[in-house]
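2 protein chains.
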Amino acid sequence: MPASSVATPSAFIQQRNLVEQVADYLTQAIIEQRFAPGERLSEVQLARDLGVSRAPVREAARLLESRGLLVSQPRRGFFVRALDAGELADIFDLRLCLERHAMERLAGACLPETLAALRRQVEILCEASGSGDESRRIEEDLAFHRLLIASAGNRRLLRTFDDLAHELRLCITLITKTHEAPESIAESHHLLLDALASGEGPRCREAIDYHIGVARDYVVRGIDGARE
Amino acid sequence: MPASSVATPSAFIQQRNLVEQVADYLTQAIIEQRFAPGERLSEVQLARDLGVSRAPVREAARLLESRGLLVSQPRRGFFVRALDAGELADIFDLRLCLERHAMERLAGACLPETLAALRRQVEILCEASGSGDESRRIEEDLAFHRLLIASAGNRRLLRTFDDLAHELRLCITLITKTHEAPESIAESHHLLLDALASGEGPRCREAIDYHIGVARDYVVRGIDGARE
DNA sequence: GCCAATCAAGCTGTCGACAGTCGTCAATCG
DNA sequence: CGATTGACGACTGTCGACAGCTTGATTGGC
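Those protein sequences? They're chains C and E, same order as listed. At position 181 of the first sequence (counting the first as 1) the number is 181 in full-length UniProt numbering, and the numbers step up by one without a gap. At position 13 of the second sequence (counting the first as 1) the number is 13 in full-length UniProt numbering, and the numbers step up by one without a gap.
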């Protein structure tokens, strides 16, 4: 979802499915940290603020729960997911698991047009990285990794990554409040392209291991830094 | 859902809300193929049949959609997920991805008690396999693989597997209508234990690749057989 | 006889309302 | 003065109802 950052809640609600609109609004609000991690969300109040009834709010909240952005407690309601260090490590470990698999599937049989599409996305990413728009850089970065996974040709794998991506946004935006990512991150994607182009399995594995390790360390250090 | 073996008092007290009960009913009905794949489910009729209102039915349906048992089309409603050969391959490919990762994490550092717990579960599985209760055999088989993943210590990985497990049940029950699994399947889990006990990474990888390959081929052949 | 426009039935999307439950806070008891 | 209990308020779980859409059949035209 390209961030159509809207300040007033009711302006966000227009024509589409109310559930989707509320889900988008909530997703955006959580990613932008307008709701604090661990904060309790009142269905009634949200419904009032958005000018809709509770039914769409409830369904949207369930949707976000399945995406890991909210957690629910029976008879108590929904709370904004608060990630601890362990969960953060788990998320990046699963990401590694998925991307390794995609890289391996691609290692032997990466079509020229697939490689070209990935290369194009890296260029878009580099351009976004220089633009200073941090949220756009994050989306283009995720878009590259999504394309990488999609290229492996397993739609179920892609769905799993999409689910995880919501949590990744949660991780990443936790830290971009404090510091921006260096431009070298965008550049480093070229290493992945080179590994894929070489077609060598072990090299692909090393490349993705390194890449995600750097991303994880960057986030972990950012979190620790924000705590001090 | 493992039979609610209640350990803590609070688990006794918790009254299950209607959404969970409806979700359990629908899950069971889909797994047992009382609803045909692709069949449209009417919220009104389900609510009538179950003696509840549409709200819990809708929420339960959304839950099952996130688990891949139902698919929804806007303004049209929910349909029982119908798997084609490609989706089936994708599901087993993702399963391989997850279990490989768990095996790798375990390969070097598998504690004796972890190995013992896995060994115990294999024994339970073998016993269930001889009992003739096919659905119990399936559940114990899944329980072993769940334990394997859980032993890797990544809760997010486990959640992903649990999601996938619902679709695996859908795959497996598609074929057990026609033929039962041979007892050798239960026995074959010993190969995984031996590989883990050896602590050799490559051997672990080969073992899980072989194991899941056999399971996939068994299901694929079962589907093809049922079509003829 | 075939195609298109129309219409009725059933369905989903959404809403407001009620009842039971949980958390809070003050009053009471030890 | 601290702990317990009771009542109050707010919230979730659930319900029935209405409006608009989808669908399939019916009817009219060519």
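Glycine included, each C-beta is placed from N, C-alpha and C at the ideal position. Just so it is clear, the structure is predicted and the values come from calculations on it, not from any experiment.
Less than 7 Å between CB atoms is the rule here; does residue i satisfy it with respect to chain E?
i: C:D93; result: yes
i: C:D90; result: yes
i: C:C204; result: no
i: C:Y25; result: no
i: C:H166; result: no
i: C:H101; result: yes
i: C:M1; result: The pLDDT assigned to C:M1 is 33, lower than 50, so where the model puts this residue is not dependable, and the model offers no usable value.
i: C:Q14; result: Confidence at C:Q14 is low in this model, with a pLDDT of 41, below 50, so its placement is unreliable and the value that follows should be read with caution. Not closer than 7 Å to any Cβ of chain E, the Cβ of C:Q14 fails to qualify, so no.
Taking 7 Å as the CB-CB limit, is residue i close to chain C?
i: E:D133; result: no
i: E:P9; result: Residue confidence for E:P9 is low, a pLDDT of 42 falling below 50, so the modelled location carries little weight; the figure read from the coordinates is stated next. Answer no: the Cβ-Cβ gap between E:P9 and chain C never drops below 7 Å.
i: E:E113; result: no
Residue i and residue j: beta carbons closer than 7 Å?
i: E:R119; j: E:L193; result: yes
i: C:L106; j: C:S151; result: yes
i: E:A186; j: E:C110; result: no
i: E:V80; j: E:E39; result: yes
i: E:E43; j: E:V57; result: yes
i: C:L70; j: C:A61; result: yes
i: C:H101; j: E:C97; result: yes
i: E:E183; j: E:S129; result: yes
i: C:A165; j: C:L142; result: yes
i: E:E123; j: E:I208; result: no
i: E:D90; j: C:R156; result: yes
i: E:V214; j: E:I175; result: no
i: E:R216; j: E:F78; result: no
i: E:E167; j: E:G68; result: yes
i: C:T160; j: E:T160; result: yes
i: C:I212; j: C:R137; result: no
i: E:I31; j: E:R169; result: yes
i: C:S66; j: E:S66; result: yes
Among all the DSSP beta bridges, which residues are the ones paired with residue i?
i: C:Q73; result: C:G77
i: E:R40; result: E:F79
Can you give me the start and stop residues for the alpha helix (DSSP H) that residue i sits inside?
i: E:Q33; result: No alpha helix (DSSP H) holds E:Q33; DSSP gives it neither H nor E.
i: C:G86; result: A85 to G108
i: E:G130; result: P112 to S131
i: C:A55; result: R54 to S66
i: E:A152; result: Looking at the DSSP string, E:A152 is not in any alpha helix (DSSP H), and its letter there is neither H nor E.
i: E:S198; result: H189 to S198
Give the residues of chain E in contact with residue i, contact being defined as C-beta atoms less than 9 Å apart.
i: C:E87; result: R155 and R156
Can you name the residues of chain C whose CB is closer than 7 Å to the CB of residue i?
i: E:S66; result: S66
i: E:T160; result: L94 and T160
i: E:P74; result: N17
Which residues of chain C have a Cβ atom closer than 8 Å to the Cβ of residue i, listed in chain order?
i: E:E59; result: R58, E59 and R62
Along chain E, which residues have their Cβ under 8 Å away from the Cβ of residue i?
i: C:L98; result: C97
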